[in-house]
Structure formats: structure tokens, C-alpha cells
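Novice: A single structure is presented below for examination.
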Amino acid sequence: MKKNIITTNIWLKIASLLLAITLWFFVILSGRSGLVMDVPLMYVNIPPELEVVDFPKTVSVTIEGQERILKNLKQNEIDAVIDLSEAKAGRSFFTLTRENIKLPKPLEVTSIDPQTISLTIEQQMKKTVSVQPSIVGRPERGFVILEIKVIPETIIIEGPISLVSKMYNVKTEAIDISGLNSNLKYKAKLNLPNSNLRSDVQKVDVDILVKQIK
């Protein structure tokens, strides 16, 4: 009788052990974990006549999935994409959903913070403005500046209407003429005062003519 009880207990223990091992492997293989990442916001399909001037650059996204996949997740594998094809000028609000987040399967997005973002969108404007050379220093004693030529004298800039409408000239980088005693040809970079302003001209030619005086 005792032998039967012992044998029965052994089989129960073996069955319990096998069940425990099976559950352990299940947890290891299907165990889920989570992490929070700051994800870059990508704005796509912006109408050509519009400019996005005030916008958040990232959102915080909570991701869940198998731990081994999460550990290998790279920053460039996840994006938050906002389609602006229907956008209009003014202040706009967009609600982010899981569909806005692009990430490898089978990972899942469980939360987005903030879930609603606001953008300022403006009409785009182009304008012709003059180029103003920025001169620092003085020629050598006994020499004076006779003439300063800039080629091209004007450029076309483009950007948000609130910025472009206030622009009348663009300055070059500083050109130091300290001790100058002969004519100078200089290729100067343009200093656009705001990163939202653009021009297809990056540099201009500046010719500085000096004259010796008695």
C-alpha cells in the first residue's frame, strides 16, 4: 500500500515538474516587456504653398513586446508620421493614434504622450532682396575703400510669410579688411537670420577695391 502511494506521488511530482518547466519556457519565450522612447515626428505630404513653422520634434511612445525584440530595437526603426496633405494655414491640432507610429512587428504601441499636438502652418512666400556685405576692420593706413561690388546684388529667398515679408536685405558673413592694401576678391557666405528661410544662392562674390591716398 505504501509502495503504491509512493509511486503515485512520484508520478504527480514528475507531472508537476514537467508542467512547471513548460510554463517556465512559455514565460521566457512569450514574456512581454515595455519601454518608453522619444520618437522623432515626421511631417509628410506638406502642400507646396505652405510652411510648418512651429511644431514639436518628438513624442514619447510606450512600446510593449517580447523582451528580446525590444532589446534589439533601434531608434531608426520607429517613426511617428503625420500626414499634412489636408493641412491649411493657421493653428492646427492633430491627434496621434497607433496608426501614426511605424515600428517593427509584433511590437505594439500602448500609449503616446502627448496624444494631441499643435502646429503653426503659414502660407509660403518668395521675395527678392538685396545682398549687403558685412565689412569689419579698416584698410592699411594710407588706403581707403574705393568701391564694393557684390555679385549677384539680389537673391530670391523663400519661407513663411511672417518672416519673408519683413526681409529687405540679407547680410553676408563678416569680411575682415584689417590692413588691406590691395584689391580683394572674396566669396562670402550668406547669413540667413532664421532656419526657416531658404535661398538657392549660398555664396556671393564680393569685390573690394581700395585706393592709396597721399
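For the sequence shown, the working numbering begins at 1106 and goes up steadily by one.
A virtual CB, placed ideally from N, CA and C, is assigned to each residue, including glycine.
1) Looking at C-beta atoms only, is the number of pairs between the segment 1230-1247 and the segment 1301-1318 that lie closer than 8 Å three or more?
2) Classify N1205: buried if its beta carbon has 16 or more other beta carbons within 10 angstroms, exposed otherwise.
3) Does the segment 1265-1279 come within contact of the segment 1293-1304, defined as at least 3 CB pairs closer than 8 Å?
4) Using the rule of at least 16 other Cβ atoms within 10 Å of the residue's Cβ for burial, across every protein chain shown, is T1277 buried or exposed?
5) Quickly, what does DSSP pair L1146 with across the bridge? List them, please.
6) Using only the alpha-carbon positions, how far apart do V1236 and P1257 sit?
7) Using DSSP bridges, identify the partner residues of A1293.
8) Can you round the beta-carbon distance between I1226 and E1156 to whole angstroms, since I take them to be within the 8 Å contact cut?
9) Do you know whose CA, among K1294, P1211, R1243 and K1290, lies nearest E1169's CA?
10) Keeping to the same chain, check which residues put their C-beta closer than 6 Å to that of V1255; ignore five residues upstream and five downstream.
11) Report yes if the C-beta distance between I1253 and I1313 is below 7 Å; otherwise report no.
Specialist: Walking through what the data contain:
1) yes
2) Looking at its Cβ environment, which holds 16 or more other Cβ atoms inside 10 Å, N1205 is buried.
3) Proximity of the segment 1265-1279 to the segment 1293-1304 meets the contact definition, three or more beta-carbon pairs being nearer than 8 Å.
4) buried
5) A1185
6) 8 Å
7) V1309
8) 7 Å
9) P1211
10) V1236, P1238, V1309 and V1311
11) yes
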